[in-house]
Each structure stands twice: as structure tokens, then as C-alpha cells.
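Colleague: Per this note's numbering, the very first residue in the sequence shown carries number 985; after that it's consecutive. C-beta: ideal position from N, C-alpha, C; glycine also.
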Amino acid sequence: MEGIWNDKKLLMKWAAMILVPLAIWMLPTGEMFTPEIRLFFVITVFGIMTFVLAPFDPAVGSLLMMSFYILSGLSDMATVFSPFTQNVPWMVFGCLLLMNIIQNHTKLIDRIACGCMIATGGTYNGIIYGLIILGIIINIVVPGVFTCMAVWALAYGICQALDLGKSRASSGIMLAAVVGFVEAWDFIYCPPDFGVMIGIVSSVTPMTMDYFTYFKDCLAFIPFPFIMSFVITKLCKPEKPINGKEYFVKRREELGKLTKEEKRIILVLAVFVIYLFTYKWHQMDMMWGFLFAPLAMYFPGINVGTKEDLKKVDFPVVMFVVGCMSIGGAAAAVGVPKMISDAAMPLLMGRSNTFFVLFTYFFVVVFNFVMTPMALMTSFSAPLTQIALDMGMSPLPMLFAFSRGCYNVLLPYEAVIITVAFAYGNIRSDSFFKVFGAKILLTAVWLLVVMCPYWKFLGFMG
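1. I'd like the ranges of any alpha helix (DSSP H) spanning at least 4 consecutive residues and lying wholly in the segment 1130-1207.
2. Within 10 Å of its beta-carbon, does Y1053 have 16 or more other beta-carbons around it, so buried, or fewer, so exposed?
3. For the alpha helix (DSSP H) holding N1071, just list the boundary residues, first then last.
4. Can you give me the C-alpha to C-alpha distance between M985 and D1414, rounded to a whole angstrom?
5. Quick test of your reading: N1123 and W1074, contact by CB under 8 Å. State the CB separation rounded to the nearest angstrom.
6. Between P1209 and the rest of its own chain, which residues show a CB-CB distance below 8 Å, the 5 nearest in sequence each way excluded?
7. Measure the alpha-carbon distance for D1177 versus P1321 and round it to whole angstroms.
8. Going by the DSSP bridge assignment, what does N1227 pair with across the sheet?
9. Quick one: what does DSSP say Q1370 is sitting in, helix, strand or coil?
10. Among A1315, F1386 and M1445, which one has its Cα closest to the Cα of F1347?
11. I believe T1090 touches E1245 by the beta-carbon criterion, under 8 Å. Please report the beta-carbon distance rounded to the nearest angstrom.
12. Against chain B, with Cβ distances strictly below 7 Å, would G1141 count as a contact?
13. Do you know how far the Cα of P1222 is from the Cα of S1151?
14. Please classify K1291: is it buried, with 16 or more other beta-carbons within 10 angstroms of its beta-carbon, or exposed?
15. Compute the Euclidean distance between the alpha carbons of D1060 and A1366, then round it to the nearest angstrom.
16. Looking at the structure shown, is P1039 part of a helix, part of a strand, or coil, going by DSSP?
17. Output yes or no for whether 7 Å exceeds the beta carbon distance between V1076 and V1393.
18. Go through the segment 1246-1329 residue by residue and report every complete run of the beta strand (DSSP E) that reaches 3 residues or more, in order.
19. Closest to G1285 by C-alpha separation, out of F1024, L1251, V1135 and K1295, would be which residue?
20. Return the first residue and the last residue of the alpha helix (DSSP H) that Y1345 is part of.
21. Hey, out of A1327, I1206, V1185 and F1276, whose CA is closest to V1434's CA?
22. Measure the C-alpha to C-alpha separation of T1034 and T1217 and round it to an integer number of angstroms.
23. Can you name, in chain order, every residue of its own chain whose Cβ lies under 8 Å from the Cβ of F1340, other than the five neighbours on each side?
24. By the 10 Å Cβ neighbour count, where 16 or more other Cβ atoms means buried, how is K1200 classified, buried or exposed?
25. Would you mind reading off the limits of the alpha helix (DSSP H) that contains S1415?
26. Can you tell me which of the three DSSP states L1011 falls into?
27. Would P1012 be called buried (16 or more neighbouring beta carbons within 10 Å of its own) or exposed?
28. Looking at M963: is its Cβ nearer than 7 Å to the Cβ of N1071?
29. Taking buried to mean at least 16 other C-beta atoms within 10 Å of its own C-beta, is F1420 buried or exposed?
30. Pick from I1249, V1302 and I1324: whose alpha carbon is nearest that of G1289?
31. Could you tell me how far apart the beta carbons of T1427 and V1036 are, in whole angstroms, since I believe they sit closer than 8 Å?
32. To the nearest angstrom, report how far apart K1423 and L1253 are at their CA atoms.
33. Look at the Cβ atom of I1112, then the Cβ atom of A1139, and state whether they are nearer than 7 Å.
34. Would you check if the segment 1095-1102 and the segment 1235-1242 touch, i.e. whether three or more CB-CB distances between them fall below 8 Å?
35. Sorted by chain position, which residues of the same chain lie with C-beta nearer than 6 Å to G1389's C-beta, five sequence neighbours on each side aside?
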């Protein structure tokens, strides 16, 4: 307790986490804003503020929030903890375990990176395009948010090896690693990101997603990461010519031939990727792929996974995901999505579906300044889904735009994984602002000119 009073920053966080929910509690209730809905917002805002301000691990905030839902009588334990019986948390768990095994026992990510860089020529522009391709390949082979840490480290290693320091060139390389990895989610399904949002909005309307369907629905996004790589080469021109092909060739030689462990892992990953993209035919839940791929690493004949890999799984991340998903169930129980939809519909009356999609995108981009992507998803994805349904359109285009807005930031602190890349110290602030500022505007144009017509063609929008 003494530590709190000595730490002014922590004290301010706790003051905010108490005073803001208290202010909500003081609001008068009525026909739409019922006492139950007010109590829901008090508990939820407290929980989300623990995510944003991070006075402790987000998993602790999740458990507190879920406990308050039950103790307050807003919902019962079966409803609040029901996300544990859904597939998303276990897909996240599978991603984490799979990432541990691959990173602890192989150099596959390094091998893929060297192959991409050599194939694209090893020049500065080649490195930029190579990192974009690497981001896409890594998201296919090792799905999940947290693999990005390996990609950031690789990009940093390239900057160090080429002695670029903190320059336009190093900024371009690090930003290409970020953009390539994050923009791959435009058309490659990411369970710990879009999958979590699908789990949240399922409290409003039954919704499922698989790799093949997601790829089909977002196919027109494929050129966008490469457009961004071109933008990076123009906005982050190197101060002097760069040719790193010799470095990548030497690095690949140092890695040596594929080990027996790596060959066995590649076999498992190949089967895993085929399973994910053939859902349309086998109709088995994707969750089994995410569970059995890492578990297969322990089977006789493969025998790559260890007890230590399992122990190192960051289970609090799974707990955090469950907490985020529980918000949707509690909100639906007290009628929050319908209340917000009823309040917003007069403002959207007569507006087109395209307007709503772009409104959602810019709404998320603006709120990025004060909320993390996961906090945005837990707070707004379910109400906006209800609005889409009331407008008579499929929620999917809105959710796709929502997801794109979450990682279109002007400042690196707005998304944790981007903050980590910035923390390496190789990205100049002016380069970050230029590249991500361009990305925000170009994404909006791409949504308007390419994606909305494409989704109309698929029948999602009127």
C-alpha cells in the first residue's frame, strides 16, 4: 500500500479507475438507460480502464470484471465463463504453444526471412518488399499476434548488420516489418485478433469464420500491403545505397541445412495450413487444427515439443481473451447493444451501407488515441454489429473495417505490438508519422474505392 502512495503515476491510474466509473454511477437512469445497464457500464469501464492503464496484468482486470458481473447479479457464472467453452480461447492457446515450439527448437523464421530477402534482391527496396512478403508467409505458417516479436527482432538484426543506426533506412525496414505483419491480417484470418472479435459479436448474432471464407471475403485487400511497401520506399528513402544480399546469403549459410526436427515441424505445419484452408470441404472446426498442430509435436516420430514449451505458454493472455469475450455476453444480457442501436439509428437513418462502413473505420481510428485495439473491440464491436443488423446489412464489412481501423495509428503507443517495434529505437518519429498517416488515408480510400464495391458484389452490402 505504501508503494501506491509513493508512486504518483500509479496513484493517478487508480484514481481514474475509481472516479470515472463513479461518475457513470451518478448518471440518472431512465427507460433506455436502465439501472442494470448503468451498472454494466460501471463494471465494464473499470475493466477496460485496467486494460488501458495497465496497473497490473490485463488477466487480473479480466478476472475482476468477470467476478463483478456475477457478484452484482447482472449475469450468472455459466454465462460469464462460457467463452471458455468456445473455440477462440483454445485457438489462441494453440497459437501460443505452436509459437513456443517453433521459436525454441528451430530457425524456420530466420530461414524464411533469408529466403525472402535473397529472392527480392537484397537491395533496400528488395528488403522492404521482402519484409512485406515475410509478414504474409509468417501469418500463414505460424498464425497469431505474438509471432510478430520474432519478425521485429529479425528486422532489427538487419538494421544492426547493415549498420544503419536510427535513420530513414532503418525506419523503413522496421516499419515494413510492422506493416507486412499487420496488413497480412487484411486477408489472412488471425484468431487472436479478428477471431476474438467474432467471439464477442456472437453474443448479438450467431457468427462463425474460417480461413478460406475470410480469404475469399477479403481477397481484394491483397494488393494493399504491396502498395504500402511502395509508399515506404518513397517516404523512407535511404541516405546512401544499400545492398544486403551478401549478408543474407552468409546468414543462410550459417543456418546450415534443415535439421531433422525442422523437417518434422514443416510436415506438421504443411498439414495444419492445408487443414485451415480446406474447411469448406471437411467442415471440422478450425479449433482442432490449432490444438492438434502443437499437440502433434509431442507425438512419437515427431517428438519435438517439450514440457518447458507448455509451461512457457502465456496463459494470462488466454484469460484476458476470455474476459474480453465475457463483456459481450454480459452486455447482451442487459440489452446494451439494442440500447446503443436505438440511440444511433436516427443519426444513421437514410445513410448508405458504405457510409456506415467508413464511419466505423474513422470512429475506430479516432478512438485509437485513448483505447487499445482489444479495448475497442470489447467496447464497440457488439453495439456496431447490432446497428448493422438494424440497417439490414451483413455485419461483416463493418467488422472488417473495424479491424483495419484498430491498427491504423498515428502514434506508436496506440497499439502494444507497434509500441514494441518502436521501442527498438531504430524508427524515427517523423518517418513513423508519415508512413502511418499515409496508411490511414490510403486504407480509407481502398475501403471506399475497392472493398465496398467488392463486398457489394459478394452481396454483403446494399
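Modeller: This is what the structure holds:
1. 1132-1145, 1152-1167, 1180-1185 and 1195-1201
2. buried
3. N1071 to H1089
4. For M985, the predicted structure reports a pLDDT of 48, less than 50, and the residue's modelled location is therefore unreliable. A value from the coordinates is still provided. Taking the straight line joining both Cα atoms gives about 41 Å.
5. About 19 Å separates the two Cβ atoms, so there is no contact after all.
6. I1116, G1119, I1120, V1163, G1164, E1167, A1168 and D1170
7. 21 Å
8. For N1227, which the question treats as bridged, DSSP gives the partners T1107.
9. Helix.
10. F1386
11. 6 Å
12. In the displayed structure, chain B is absent; only one protein chain is listed.
13. Going by C-alpha positions, S1151 is about 8 Å away from P1222.
14. exposed
15. Those two C-alpha atoms are separated by around 20 Å.
16. coil
17. no
18. none
19. L1251
20. For Y1345, the enclosing alpha helix (DSSP H) begins and ends at N1337 to F1351.
21. I1206
22. Whole-angstrom Cα-Cα distance: 39 Å.
23. Annotation for F1340: L1332, I1371, A1372, M1375, M1377 and M1382 place their beta carbon closer than 8 Å to its own, counting only its chain and skipping 5 residues before and after.
24. exposed
25. Its alpha helix (DSSP H) spans residues S1413 to W1430.
26. coil
27. exposed
28. For residue 963 there is no data in the structure shown, the boundaries of the chain being 985 and 1446.
29. buried
30. I1249
31. Actually they do not touch by this definition, with Cβ atoms about 23 Å apart.
32. 32 Å
33. Cβ distance not < 7 Å, so I1112 and A1139 don't count as in contact.
34. yes
35. Y1345, V1348 and V1349
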